[in-house]
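Below: the structure, in structure tokens.
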Amino acid sequence: MKDIQQIDVEVQKLMQTIRQETLNKMDQPFMVDQKTGRKDLVTTVDKSNEQMLVKAIRSIDPAARILGEEGFGDVIQDMHGHVWFIDPIDGTMNFVMQKNRFAVMAALYIDGAPVLGYILDVMNNQLYHGGPDFGVFINQQKMAAPQNKSLGDSLIGISGPLLIHNQHQMQEIAQTSRGPRMYGSAGLEFASVLRGELCGYVSYLKPWDFAAGNVLANVLGLAVKTIDGAPLDMLSSNVVLVATERASGEVIRLAN
Ligand code: IPD
Ligand code: CA
Ligand code: CA
Ligand code: CA
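Basically this note's numbering = 1-based index in the sequence shown + 1212.
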């Protein structure tokens, strides 16, 4: 069987191929459908990206079982062995409305342990990648752990629905911070926390939204928990909080 380093090298190349494909497809007409309503879209680019990623990951890692948002992977009910999570376009609304500020994500967990994570910021050509064996990189540049900033000294990412409906006291949390930010791509918001631009990010997310960010955040010493302070369930939707240790404690206290 291939070792993790070989898999990593091949998946980094795959992400560059997917980036080029996505840019090409973005320049051609593509179809947009509604999933649950006008605020929940899927495009032919989401679907073809996922089909490409599933096929390529199966050939790179034959032991892979794959959970993909658009359903071209496998049905995953447990975390045994090599489980991959794929989000073929994260921020589909931004992709459709802005043609900017979206990501492609993949992550590998082995027997439930985070091993590899990839967040590709397509338009900025930045691949956030790594794992516990390597550290975290933006393209080829190694990232340092962000400062352990407090909520009061920082910006915080909060998803639109949580803030608008004031779930988990999000308006008070936003007031306590220097200001809330809302980017519309969980992957890019995780990346901003990795960079230390946000002290944290909180959103109701599905496994493919948080799997890659969770791998990278753990390596950089950030806390990733549910808003109640519990460990994430990798196979369910969670209200996820990724934050510095300090901000994580402060947000969880205010939210509960
Ligand atoms: C969405 C984005 C968005 C987050 C939503 C996700 P999608 O992912 O990450 O920022 O608030 O919860 O569903 O559907 O565009 O891949
Ligand atoms: Ca979606
Ligand atoms: Ca997503
Ligand atoms: Ca998606």
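Beta carbons are placed, not taken as given, at the ideal position from N, Cα and C, and that holds for glycine.
Cβ-heavy atom distance, residue i to ligand 4, below 7 Å
i	result
residue 1401	no
residue 1258	yes
residue 1281	yes
Alpha-carbon to alpha-carbon, residue j and residue i
i	j	result
residue 1413	residue 1249	25 Å
residue 1265	residue 1379	35 Å
residue 1216	residue 1427	14 Å
residue 1346	residue 1353	12 Å
residue 1330	residue 1448	20 Å
residue 1401	residue 1369	7 Å
residue 1213	residue 1445	28 Å
residue 1246	residue 1362	39 Å
residue 1338	residue 1468	36 Å
residue 1341	residue 1383	32 Å
residue 1424	residue 1325	12 Å
residue 1259	residue 1282	6 Å
residue 1242	residue 1388	42 Å
Nearest-angstrom beta carbon gap, residue j and residue i [assumed within contact, 8 Å]
i	j	result
residue 1297	residue 1443	Wrong, their Cβ atoms sit about 16 Å apart, outside the cutoff.
residue 1431	residue 1343	7 Å
residue 1261	residue 1233	7 Å
residue 1397	residue 1314	5 Å
residue 1385	residue 1466	5 Å
residue 1220	residue 1302	With a Cβ gap of about 20 Å, residue 1220 and residue 1302 do not count as contacting.
residue 1434	residue 1405	6 Å
residue 1231	residue 1375	So it is not a contact: roughly 31 Å between Cβ atoms.
residue 1371	residue 1394	7 Å
Residue i beta carbon near ligand 3 (any heavy atom closer than 7 Å)
i	result
residue 1299	yes
residue 1318	no
residue 1398	yes
residue 1421	yes
Residues sharing a beta bridge with residue i, DSSP
i	result
residue 1437	1453
residue 1317	1299, 1331
residue 1245	1254
residue 1280	1298
residue 1415	1452
residue 1391	1367
residue 1349	1341, 1354
Check: residue i C-beta below 7 Å from any heavy atom of ligand 2
i	result
residue 1262	no
residue 1304	yes
residue 1308	no
residue 1254	yes
Check: residue i C-beta below 7 Å from any heavy atom of ligand 1
i	result
residue 1248	no
residue 1371	yes
residue 1265	no
residue 1340	no
Practice prompt. Examine the Cβ distances between the stretch 1423-1438 and the stretch 1255-1273 and report whether three or more of them are shorter than 8 Å.
Written response: no
Discussion item. When you compare the stretch 1311-1321 with the stretch 1213-1228, are there three or more beta-carbon pairs, one atom per stretch, that lie closer than 8 Å?
Written reply: yes
Fill in: Three or more C-beta pairs below 8 Å linking the stretch 1287-1303 and the stretch 1235-1251
no
Item to complete: Would you check if there are 3 or more beta carbon pairs closer than 8 Å linking the stretch 1355-1365 to the stretch 1243-1257?
Response: no
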